[in-house]
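Colleague: My structure is below; once you've seen it, I'll send some questions.
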Amino acid sequence: MIESSPVVHKFKSACLLVCLLSVVISGCASGKLDQARKNFYSGQIDQASGALSSAEDVSSRDQLLYFMEKGVILHHAGDYQGSIDLLLNATALMKDQEVISAGQQTASLVTSEWLTDYKGEYAERLLVHTYLMMDFLMLGDTEGALVEAKQALEVYDTYPEACSGDYFTRALIAHCYEAENEINGAYIEYKKLAELMLDPLPVARQLCNLGNRLGFNDEVEHFRQFLPEPALKEKGKRGAGELIIFVSQGKSPLKIPHNIVLPPSIRFSFSTYEDRSGYLTPPTVGPLAGAGSSDMITTDVGEILKASLKERLAQIIIKETARVVAKEAIAHNINDDNLALLVRIFLFLIEVPDTRCWETLPATLSIIRVPLSPGSNQVHLNVMGRNVVLPPIDITPGNGPFYHYYSIRDGNGLYPLPGNSQSGN
Amino acid sequence: MFLNFFKKSIFLGFAAMVLFMMIGCSATTRDLSPDEAIHYDEGYDFSDKKAIVSDLVESLLNKPPLVSRLDDRPVLIIYGVANRTSEHIETDGITDDIRQEILQSGKARFVNKVQRDNIQSESDYQYGGNVSAETRLQRARQVGAEYMLSGTLRSIKKKQPKQFRLTKRTLQYYSLTLELTDLQTGLIEWTDSTEIVRESSQPFIGW
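Protein chains in written order, with the numbering used here: chain L, 25 to 449; chain Y, 4 to 210.
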């Protein structure tokens, strides 16, 4: 039992004040992140980037969010190298955060999760590598993209339940192998994707092409049955070039706070994801002049974020229960009834659910592969009801297949696009 | 009684904290030998680069075809080392070191592929009218490469499975394979590889 004396009182009050201030400060520090997100969604990319001019603008506990949010902002501003630099910092930080901080965990046990470093949901950790892959491909650095693809595979292996629904990233991984002419690796990843997806049609064409090159005749015959009749007739026509478009649509879900209150002062707090975008019409590609049909693979970002939170559910419940027990123990050990009441009120109020999340992520990520034929190729795209006309792409016969990349968000405001990259195969 | 003890404890705690911060925050530097093998984690570092380059250059210089070419110095061109690891490794550093060691051995020469555009630019400048005919370089006198040196750096990473433990172990394997291809015949005349296997452990809990 703690003795009640004026000095002890003052000491306790000071501790409470420090705790209160730290919670208040942690709330204020995310102000610049919020401003950047607001600017980003209103189409003011430069202002969004400017709002996060340096890492010091954001609390040390939210550094990962700083790298992730600004990485996406710079990606859509066309500054792919800047985005790479930031997202590589994010991956380095995630590696450092694998060591659990005893100090932060202890402090958060009597306050709230806001006092700990934000470590990112499992799907967010995967999506850092996804954006890095896109950035490297936009710069034509297929070797760098393949390095990220391998790191993304490690995340898939570590969190299989949470990440298995991310078809976009898996398709990007397969493409990174393909772009570096590692066709065996590409075939393996496309095949995994075909097994995961309900309909293997979007990857059947790649599996047939790569299977032919690898001499997997039985498997080629198996995957050919998924191809529609026109696609079977295209055999031999494809291969002059390919346009690969990364389409981001809508806004990812946000974490919403929830509380369960048990009298007199027990409060369980937690957060769940809530969608911000309604139904989004999938992007479509206009008629192609003789080169064949396009393939599209989409990830519902909200689904994988929700799956990630669900996978952490047991961990969250254990931590929340421990916090309730710790707070009750503190309140019980105070002899002074008035002080105990104040402490209970304070501990009750600071029990705030952690709603931090990567907010500049889209609701859906789609990869569209458009075959290009020799000559000038004009591609029309419909994203969120807006017609986007890409600049003509000239394909010279005999120059071998080339990949041309575009990254588009919502089809508005950001066009004409700053980035159109190409890489040889 | 309790009050005195409480005050003393606070004072001692504060003093210990200041002392700890002073020791922890003081910046130090020291020079190290580049030949010293130092590893902070299981990842690729400069010590690995030195070790793999040294192994492979020794093999290249002491095996055919280079060992049998005592009278002339064959001309080589480096086509880079492909990075197939899961780390962003600048493999140009490996090829630069290989070229340096082979050149210093005096057993082969290299075409400067990286500077080709600059060589062309300088050649164009010399023929642009500003350089006297006596001192300008002669065109079509560059030497063609006889062999192409290329390679692949690979890695395999294995983490210890999830179980109750205080440290996490990681096993990292690297292999660098180099090959020398005769540009006329397309035959691989020499190939060798060197490997590094390293285990590291990291605590789960820190401060």
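Even glycine gets a Cβ: it sits at the ideal position worked out from N, Cα and C.
Got a sec: is the Cβ-Cβ distance from L:K119 to anything in chain Y below 7 Å?
Modeller: Not one chain Y Cβ lies under 7 Å of L:K119.
Colleague: Cβ-heavy atom distance between L:N359 and the ligand NAD below 6 Å?
Modeller: Looking for the ligand NAD in the displayed structure turns up nothing, as the structure carries no ligands at all.
Colleague: How many Å lie between L:Y104 and L:D159 at the Cα?
Modeller: In this structure, the CA atom of L:Y104 is about 5 Å from the CA atom of L:D159.
Colleague: Check the Cβ-Cβ distances between Y:S42 and every residue of chain L, and say whether any is below 7 Å.
Modeller: First, the residue type needs correcting, since residue 42 of chain Y is His and not Ser in the sequence shown. For Y:H42, the answer is no, since every Cβ of chain L falls outside 7 Å of its Cβ.
Colleague: State yes or no: is the C-beta of Y:I97 within less than 7 Å of the C-beta of Y:K52?
Modeller: yes
Colleague: At a cut of 8 Å, does the region 183–197 of chain L reach the region 211–229 of chain L through at least three beta carbon pairs?
Modeller: Three or more Cβ pairs drawn from the region 183–197 of chain L and the region 211–229 of chain L lie within less than 8 Å of each other, which places the two stretches in contact.
Colleague: Only counting the same chain, and skipping five residues up and downstream in sequence, which positions put a Cβ closer than 6 Å to that of L:F64?
Modeller: A72, I97, T384
Colleague: When the cut-off is 7 Å and only beta carbons count, does L:Q249 lie next to chain Y?
Modeller: no
Colleague: Give the single residue among L:P277, L:R347, L:E352, L:I321 whose Cα lies nearest to the Cα of L:S332.
Modeller: The shortest Cα separation from L:S332 among L:P277, L:R347, L:E352, L:I321 belongs to L:P277.
Colleague: Please determine, among Y:L69, Y:T138, Y:G83, Y:V134, the residue with the shortest C-alpha to C-alpha distance to Y:L179.
Modeller: Of the listed residues, the one whose Cα sits closest to Y:L179 is Y:G83.
Colleague: Out of Y:M151, Y:K110, Y:L169, Y:V134, which has the shortest C-alpha to C-alpha gap to Y:W193?
Modeller: Y:M151
Colleague: Looking at chain Y, which residues of the region 123–144 of chain L have a Cβ within less than 7 Å of any of its Cβ atoms?
Modeller: V123, I124, S125, A126, G127
Colleague: Taking 6 Å as the limit between beta carbons, can you name the residues of its chain near Y:V200, skipping five residues before and five after?
Modeller: Y176
Colleague: Counting only beta-carbon separations shorter than 7 Å, does L:V179 have a partner in chain Y?
Modeller: no
Colleague: Along the chain, where does the beta strand (DSSP E) containing L:N401 start, and where does it finish?
Modeller: 399–401
Colleague: Can you tell me the Cα-Cα spacing of Y:L63 and L:S125, whole angstroms?
Modeller: Their Cα atoms are separated by approximately 49 Å.
Colleague: Can you name, in chain order, every residue of its own chain whose Cβ lies under 6 Å from the Cβ of Y:D44, other than the five neighbours on each side?
Modeller: S203
Colleague: Checking the sheet assignment: what are the DSSP bridge partners for Y:Y176?
Modeller: Y:I159, Y:V200
Colleague: Between the C-alpha atoms of Y:L181 and Y:G109, what's the straight-line distance to the nearest angstrom?
Modeller: 20 Å
Colleague: If the criterion is Cβ atoms closer than 7 Å, does the pair L:I280 and L:A147 meet it?
Modeller: In this structure, L:I280 sits away from L:A147, with a CB-CB distance that is not shorter than 7 Å.
Colleague: Against chain L, with Cβ distances strictly below 7 Å, would Y:G220 count as a contact?
Modeller: Residue 220 of chain Y cannot be examined here, being either before or after the span of chain Y that is shown, 4 to 210.
Colleague: If L:I417 and L:L396 are in contact, beta carbons under 8 Å, what's the gap, nearest whole angstrom?
Modeller: 6 Å
Colleague: From what residue to what residue does the alpha helix (DSSP H) around L:Q273 run?
Modeller: From DSSP, L:Q273 is part of no alpha helix (DSSP H) but of the beta strand (DSSP E) over 265–273.
Colleague: Going by beta carbon distance, what residues of the same chain come within less than 8 Å of L:G235, once the five residues before and after it are set aside?
Modeller: Y211, N241, E243, V244, F247
Colleague: Report buried or exposed for L:I432, applying the criterion of at least 16 other Cβ atoms within 10 angstroms of its Cβ.
Modeller: buried
Colleague: When you check each C-beta in the region 160–171 of chain L against every C-beta of chain Y, which residues fall closer than 7 Å?
Modeller: Cβ contacts with chain Y: E167, G168, V171.
Colleague: Please classify L:F294 as buried or exposed, where buried requires at least 16 other C-beta atoms within 10 Å of its C-beta.
Modeller: By the 10 Å Cβ count, L:F294 comes out buried.
Colleague: Would you identify the three-state DSSP class for Y:G154, choosing helix, strand or coil?
Modeller: strand
Colleague: With distance defined between alpha-carbon atoms, name the residue in Y:P68, Y:D95, Y:H91 nearest to Y:V56.
Modeller: Y:D95
Colleague: Taking buried to mean at least 16 other C-beta atoms within 10 Å of its own C-beta, is Y:I101 buried or exposed?
Modeller: That one is buried.
Colleague: Could you name the residues of chain Y that L:K174 contacts, counting a contact when the two beta carbons are closer than 8 Å?
Modeller: Ordered by position in chain Y, the residues that pass the 8 Å Cβ test against L:K174 are T88, S89.
Colleague: Given that a residue counts as buried once 16 or more other Cβ atoms are within 10 Å of its Cβ, and exposed if not, what is L:S107?
Modeller: buried
Colleague: Could you confirm whether any beta carbon from chain L is found closer than 7 Å to the beta carbon of Y:I208?
Modeller: yes
Colleague: Answer yes or no: do L:E335 and L:E202 have a C-beta to C-beta separation smaller than 7 Å?
Modeller: no
Colleague: Just to confirm my understanding: we take L:A79, look at its own chain, exclude 5 residues before and 5 after, and list those with CB closer than 7 Å. What are they?
Modeller: The beta carbon of L:A79 is closer than 7 Å to those of Q87, Y90 in its chain, skipping five residues each way along the sequence.
Colleague: If the cut-off is 7 Å on Cβ atoms, which residues from the region 165–198 of chain Y count as contacting chain L, listed in chain order?
Modeller: none
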